[in-house]
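Colleague: Quick one: structure below, then a few questions.
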Amino acid sequence: MKTKIIIIVACLSSVLAGCSNKSQSSAKTLGFEDLPIDVRLKFKQVYNYCPPPTFNGSDTIEYMPPFIEAYNMNGDTAIIKMSKMMFSNSFTIYSNGKSIKLNLNILERVFIIKGDSIYYPISGNGITTYGEPRSYHVKVDTLTFQASIMK
Numbered sequence: 021m022k023t024k025i026i027i028i029v030a031c032l033s034s035v036l037a038g039c040s041n042k043s044q045s046s047a048k049t050l051g052f053e054d055l056p057i058d059v060r061l062k063f064k065q066v067y068n069y070c071p072p073p074t075f076n077g078s079d080t081i082e083y084m085p086p087f088i089e090a091y092n093m094n095g096d097t098a099i100i101k102m103s104k105m106m107f108s109n110s111f112t113i114y115s116n117g118k119s120i121k122l123n124l125n126i127l128e129r130v131f132i133i134k135g136d137s138i139y140y141p142i143s144g145n146g147i148t149t150y151g152e153p154r155s156y157h158v159k160v161d162t163l164t165f166q167a168s169i170m171k
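The working numbering applies: residue 21 is where the sequence shown begins, and numbers increase by one.
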């Protein structure tokens with residue numbers, strides 16, 4: 021009986037290790053300086069963006085960074101769709117006829133698409149404040165990024 025349990029655990033461990041290796045092989049971790057120059061500039065632009073407040077009658081409307089932002093450097097539109105499954109915490113980004121499904125646990129939700137690659141921060145706190153750019157809380161050049169291939 022004990023031998024069967026050990027064999028089952030060993031089989032499950034190898035299956036799980038194989039799955040995690042496959043998911044990591046298509047993604048690359050990069051520092052800010054390792055990003056392509058135009059992608060770096062776009063991240064800086066997005067993180068520093070904050071238009072002045074607008075006025076609607078007696079109300080002041082301050083800018084709030086979007087919950088999820090995606091930009092395509094190729095000029096195509098990037099479409100973000102939340103999962104419709106109950107209790108799902110994923111979303112999918114579509115662009116250039118390709119897509120990638122991502123988890124909402126990524127706190128810094130800014131995505132830049134260039135060619136068939138998508139770049140996004142995997143470190144940071146994700147805090148945003150009304151009336152302030154993302155860079156108010158997060159210095160983009162200190163973040164670690166993930167580069168993945170869209171399929």
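Note that the Cβ used here is the ideal one computed from N, Cα and C, for glycine as well.
Residue 79 by DSSP, collapsed to three states: which one?
Modeller: In the three-state reduction of the DSSP assignment, residue 79 falls in the strand class.
Colleague: Let's see if you can read the secondary structure: which residues bound the beta strand (DSSP E) around residue 114?
Modeller: 110-115
Colleague: Using only alpha-carbon positions, find the residue among 170, 158, 171, 169 that is nearest to residue 52.
Modeller: 158
Colleague: Please state whether DSSP places residue 119 in a helix, a strand or coil.
Modeller: strand
Colleague: Cα-Cα, which of 83, 84, 100 is closest to residue 91?
Modeller: 100
Colleague: DSSP on residue 59, reduced to helix/strand/coil?
Modeller: helix
Colleague: Quick check on DSSP: helix, strand or coil for residue 24?
Modeller: Annotation note: pLDDT 48 at residue 24 (below 50); position unreliable, no value reported.
Colleague: DSSP on residue 52, reduced to helix/strand/coil?
Modeller: helix
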